[in-house]
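Here our numbering = 1-based position in the sequence shown + 579. Only one structure is covered here, and it is reproduced in the block below.
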Amino acid sequence: MISREEVNLILILQGYDTRLIFLTERLESLPGDRAKIEGTMAKEKKKLSDLKAKSSGVEMEFSRVNFDLELLGQKLIELKIKQSSIKNSKKYDLAQSQIAALEEKIEQLENDSIRLLYSLDDLKIEQDRVVDEVNLCLDNLNGELAQ
């Protein structure tokens, strides 16, 4: 017959065996888990790089549009000043049509500027999401290594 102490010792050893089996299986799965996490992280970093490049392009376009808006605004002011001194009705009408065309172009550029601002906002939100995903991958990787 097995004594109570021997039963307790067997249970303790069985617990150690179970823990050892678990840790061995976990250790064997770590390289795969790590590779999966690193692969996900690499994809997210690529997305982030692409988003930054796209943001840079949108920012350049936004700057160009605003520069064009400033130039057209100055030209519009000059035309209105010039128009105020015109006495001939045909020349006045010509200046008026030029002013209308400039105002239409300015309105289009203002709409483009607003559209670009919304695009920049969307890109910023997506960049923040990707950064969060990369940080989550890093946390998972660090957690895997800590175990």
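All C-beta atoms, glycine included, are put in the ideal place defined by N, C-alpha and C.
- One thing to note: Asn645 has its Cβ no nearer than 9 Å to the Cβ of Ser698.
- If you draw a straight line from the Cα of Ile704 to the Cα of Leu588, it is about 58 Å long.
- By the Cβ neighbour-count rule, Val586 is exposed, with fewer than 16 other Cβ atoms within 10 Å of its own.
- For the 9 Å CB-CB criterion, Ser634 and Leu702 form a contact.
- Note on Glu657: under 16 other CB atoms within 10 angstroms of its CB, so exposed under the neighbour-count rule.
- By the neighbour-count definition (other C-beta atoms within 10 Å, threshold 16), Leu688 is a buried residue.
- Taking the CA atoms as reference points, Asp672 sits about 27 Å from Asn690.
- Nearest to Arg694 by C-alpha distance, out of Leu627, Ile600, Glu638 and Gly618, is Glu638.
- The alpha-carbon separation between Ser628 and Val709 amounts to approximately 10 Å.
- Collapsing the DSSP output to three states places Ile665 in coil.
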